[in-house]
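In this note's numbering, each number is its position in the sequence shown, counted from 1, plus 4.
Here a beta-carbon is modelled for each residue, glycine too, at the ideal position from N, C-alpha and C.
The model shown is predicted, which means the values in this text are computed figures rather than measured ones.
First the structure, in the form of structure tokens, and then the observations on it.
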Amino acid sequence: MNHVTIEKQELLLKKVIGNDQDFETSKLFIRREKLKKPAIFMGAGTCGLGAGAGKTLKAVKEYLEKNKLAADVIEVGCIGLCSAEPLMDIQLPGFNRLSFQHVTDDKVEGLMDAVLQLEIPGDIEVLGQFSNGNNKKWEGVDFINEHPFFAPQNRLVLKNCGLVNPVSIEEYIASGGYAGYLNLLETNSPMEICDMIEKSGLRGRGGGGFPSGKKWKFAAQTEADQKYLICNADEGDPGAFMDRAVIEGDPHRLIEGMAIAAYGIGATKAYVYIRAEYPLAIQRLNIALQQASDTGLLGKNIFNTGTDFEIKVKMGAGAFVCGEETALINSIEGMRGMPRPRPPFPAVQGLFGKPTIINNVETLSNIPEIIRLGVENFSNIGTESSKGTKVFALSGKVKLTGLIEVPMGTTLRQVIFDIAGGIPDQKDFKSVQVGGPSGGCVTEQNLDTPIEYESLLKIGAMMGSGGLVVMDEDTCMVDVAKFFMDFIQRESCGKCIPCREGTKRMLEILESITKKAVNPDVNEALERFKGVMQLEQLGKVIKETSLCGLGQTAPNPVLSTLKWFREEYEEHIFDRKCRAGVCTELRTFTIDVDKCTGCTICAKKCPTDAIIGSKKTPHFVVNEKCIACGNCFEVCKFDAVVIS
Numbered sequence: 005m006n007h008v009t010i011e012k013q014e015l016l017l018k019k020v021i022g023n024d025q026d027f028e029t030s031k032l033f034i035r036r037e038k039l040k041k042p043a044i045f046m047g048a049g050t051c052g053l054g055a056g057a058g059k060t061l062k063a064v065k066e067y068l069e070k071n072k073l074a075a076d077v078i079e080v081g082c083i084g085l086c087s088a089e090p091l092m093d094i095q096l097p098g099f100n101r102l103s104f105q106h107v108t109d110d111k112v113e114g115l116m117d118a119v120l121q122l123e124i125p126g127d128i129e130v131l132g133q134f135s136n137g138n139n140k141k142w143e144g145v146d147f148i149n150e151h152p153f154f155a156p157q158n159r160l161v162l163k164n165c166g167l168v169n170p171v172s173i174e175e176y177i178a179s180g181g182y183a184g185y186l187n188l189l190e191t192n193s194p195m196e197i198c199d200m201i202e203k204s205g206l207r208g209r210g211g212g213g214f215p216s217g218k219k220w221k222f223a224a225q226t227e228a229d230q231k232y233l234i235c236n237a238d239e240g241d242p243g244a245f246m247d248r249a250v251i252e253g254d255p256h257r258l259i260e261g262m263a264i265a266a267y268g269i270g271a272t273k274a275y276v277y278i279r280a281e282y283p284l285a286i287q288r289l290n291i292a293l294q295q296a297s298d299t300g301l302l303g304k305n306i307f308n309t310g311t312d313f314e315i316k317v318k319m320g321a322g323a324f325v326c327g328e329e330t331a332l333i334n335s336i337e338g339m340r341g342m343p344r345p346r347p348p349f350p351a352v353q354g355l356f357g358k359p360t361i362i363n364n365v366e367t368l369s370n371i372p373e374i375i376r377l378g379v380e381n382f383s384n385i386g387t388e389s390s391k392g393t394k395v396f397a398l399s400g401k402v403k404l405t406g407l408i409e410v411p412m413g414t415t416l417r418q419v420i421f422d423i424a425g426g427i428p429d430q431k432d433f434k435s436v437q438v439g440g441p442s443g444g445c446v447t448e449q450n451l452d453t454p455i456e457y458e459s460l461l462k463i464g465a466m467m468g469s470g471g472l473v474v475m476d477e478d479t480c481m482v483d484v485a486k487f488f489m490d491f492i493q494r495e496s497c498g499k500c501i502p503c504r505e506g507t508k509r510m511l512e513i514l515e516s517i518t519k520k521a522v523n524p525d526v527n528e529a530l531e532r533f534k535g536v537m538q539l540e541q542l543g544k545v546i547k548e549t550s551l552c553g554l555g556q557t558a559p560n561p562v563l564s565t566l567k568w569f570r571e572e573y574e575e576h577i578f579d580r581k582c583r584a585g586v587c588t589e590l591r592t593f594t595i596d597v598d599k600c601t602g603c604t605i606c607a608k609k610c611p612t613d614a615i616i617g618s619k620k621t622p623h624f625v626v627n628e629k630c631i632a633c634g635n636c637f638e639v640c641k642f643d644a645v646v647i648s
């Protein structure tokens, strides 16, 4: 950190902790490199609370009260390893911070007793220890950055998540936060900021990957009496939770990124458009905004530089289409969230008709780190065309789920098998959906594809917001396509016919080939096959003629599954079989006469009287009556019912 930036950091610390402090010593205590009393950190993000962190937190406070112990209890965000929640860290004065996983409320007493006696309990899994200043190391405990989940990562956006108090501006400032912003206000012009971001190679992390600096310049060079910045925190992709976790875990990083971006484009007003389904993120963001305002980092004439900047939080109703920037603008203006024709582009004529830049949470949260590292150092991370890192939300059939941040150029195979630990239960990998509903499925043969914008497009996927849904051998790819098409069809705003009617027709075709045949003859099979042929044609028409980017990418999940898993579609059409047994209406039930005891339970539970047989004699299934509900399979105690 240069001398000027250090001066700015001390200036900010005076604002929040007073003028008569030893700032170097204060920083050590604020960053908890030194402690006066024990500190307990509770992973209290949405994922942690869902896993029971609230009960664990209550048990910690009761333990401290019962034993009359003085300790700081800090609620932090998610460190990323969601599958290990509830996560609880303990740091004793003079010792490194220890992290424990799966700490339910019933384990708190034993854990606290042991650690306070400088022992590691044997019945609770240690995630690792953090290297923290000159504190003592816990013998026999690995450092957390050596853990297979964290070792390959390069955490820039997520560097503070799960580690710091998200609603402590003192802690953010003591770690260098906002100092870079104040330094830029005094030493750089707005256009120089845009040049820095352009030279860094940062591209938008929310979709197509347009160069951020170039986008900013469009607005910066447009004359207007008012300009706006919008942070798009309306992530609606199934399986995506990156924005939520960043705001819950490190809201000041986003605020600083927005402040730098606004200065660069000449905006004095900004909005964070966030879905109302994120109450915890909204709460922590509002607290952080108030702290920044009280410190003088937001408002009029910021630190006597002549710069004005304010941020408002706008809650959305959760419409997927409002992730599209012009629909988002409509929503902020109080209108129905529907896309606008372009041009004019928002950078020229956006919110309330004024030049507007829209970036998502991850893009803006990269900005402070670019300033801290320097443009050249940031651009050295990643690949020639895709600079920096990318945050992904890992979900589905992998051993370790959660948030990761890896350098661009990391392969999908490394992410799934090295970081996420591979497929559980010794199942075979089948596919990974990259980029959410707008993305595509990637198969085994393409797992060595590097994560970068152009490479993913070549194999029919896209970066998107960063959702990675991993599927194993028990997944039906036709059902996956139907799931995403059902989601897209329901979320279509209905403005343009190709998206509104085209996605509806594609969904109808997918539903027809996953249903049981009504009249099992050759003609019906041909009709179903004809429907699949129409899927490709429909998909191309929708891509070429839809108004907005969401409609233009809507067919991607279907087209990619058709390309890589065509044989599964053919099995559904001609053989009327689902190899994964997921499409219930295509399942066939038979009874193994050697195992059947004639107990009659299956016959009694069958809603269509499709099972016949006398008591204590083998039973049989009448396929013409069977609706494949599966009741017989579930109630049979002798494993006599077979699914094929």
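Asked, Found
"Where Asn627 falls, given that 16 or more other Cβ within 10 Å makes a residue buried", "exposed"
"Option in Ser103, Gly81, Lys41, Ala88 with minimal Cα separation from Asp2", "Examination of residue 2 is not possible in this model, given that the chain is present from 5 through 648 alone."
"Leu73 burial status per 10 Å Cβ neighbour count (16 or more: buried)", "exposed"
"Lys231 - containing alpha helix (DSSP H), residue span", "It is not in any alpha helix (DSSP H) - Lys231 carries neither H nor E in the DSSP assignment."
"Beta-carbon proximity of Val436 to Leu461, cut-off 7 Å", "no"
"N-terminal and C-terminal residue of the beta strand (DSSP E) that Glu275 is part of", "The identity of residue 275 in the sequence shown is Tyr, whereas the question assumes Glu. That run of the beta strand (DSSP E) goes 273-279."
"Cβ pair count under 8 Å reaching 3, the stretch 546-565 against the stretch 323-343", "yes"
"Per-residue DSSP class, three states only, for Ile647", "strand"
"Collapsed DSSP secondary structure at Val168 in the structure displayed", "coil"
"Cβ neighbours of Phe45 in the same chain (closer than 6 Å, five flanking residues each side left out)", "Ile78, Val80, Asp93"
"Nearest candidate by alpha-carbon position, reference Gly426, set Thr405, Val438, Val410", "Thr405"
"Per-residue DSSP class, three states only, for Gly651", "In the structure displayed, the chain extends from 5 to 648; residue 651 sits before or after that span and is not available."
"Alpha carbon of Arg279 to alpha carbon of Ile336, nearest angstrom", "12 Å"
"Rounded distance between the beta-carbons of Val446 and Ala465, thought under 8 Å", "5 Å"
"Closest residue to Gly180 among Glu123, Leu233, Leu17 (Cα-Cα distance)", "Leu17"
"Nearest residue (CA-CA) to Pro454, options Arg417, Ser442, Glu477", "Arg417"
"Among Ile269, Asp429, Gly300, the one whose alpha carbon lies nearest that of Pro359", "Ile269"
"Bridge partner(s) assigned by DSSP for Ser103", "Asp93, Gly132"
"Touching by the beta-carbon criterion (3+ pairs, under 8 Å), the stretch 338-358 and the stretch 495-509", "yes"
"Buried versus exposed, by CB contacts within 10 Å (16 or more), Gly98", "exposed"
"Exposure label - Ala155; buried when at least 16 CB within 10 Å", "exposed"
"Per-residue burial, Ile647 [other beta carbons within 10 Å of its own, 16 or more giving buried]", "exposed"
"Where the alpha helix (DSSP H) through Val664 begins and ends", "Residue numbering for the chain in the displayed model covers 5 to 648; residue 664 lies beyond these limits and cannot be assessed."
"Three-way DSSP call (helix, strand, coil) for Leu472 in this model", "strand"
"Three-state class that DSSP yields for Met319 in the structure shown", "strand"
"Minimum C-alpha distance to Ala424 - residue among Thr415, Gly439, Lys403, Lys431", "Lys403"
"Three-way DSSP call (helix, strand, coil) for Arg1 in this model", "The structure shown has nothing for residue 1, since the chain only spans 5 to 648."
"Of the residues His576, Asp298, Ile291, Phe433, the one placed nearest Gly535, counting alpha carbons only", "His576"
"Status (buried if at least 16 other CB within 10 Å, exposed otherwise) for Thr557", "buried"
"Cα-Cα separation, Thr191 to Thr226", "23 Å"
"Spatial distance of Thr479 from Arg583 (CA atoms)", "9 Å"
"Leu563 to Gly444 span [Cα, whole Å]", "8 Å"
"Chain C contact for Val365 (CB, 7 Å cutoff)", "In the structure shown, chain C does not exist; there is a single protein chain."
"Bounding residues of the beta strand (DSSP E) (the contiguous stretch that carries Cys445)", "444-446"
"Length of the line joining the Cα atoms of Glu143 and Ile605", "59 Å"
"Inter-stretch contact (C-beta, 8 Å, three-pair minimum) for the stretch 155-167 and the stretch 250-258", "yes"
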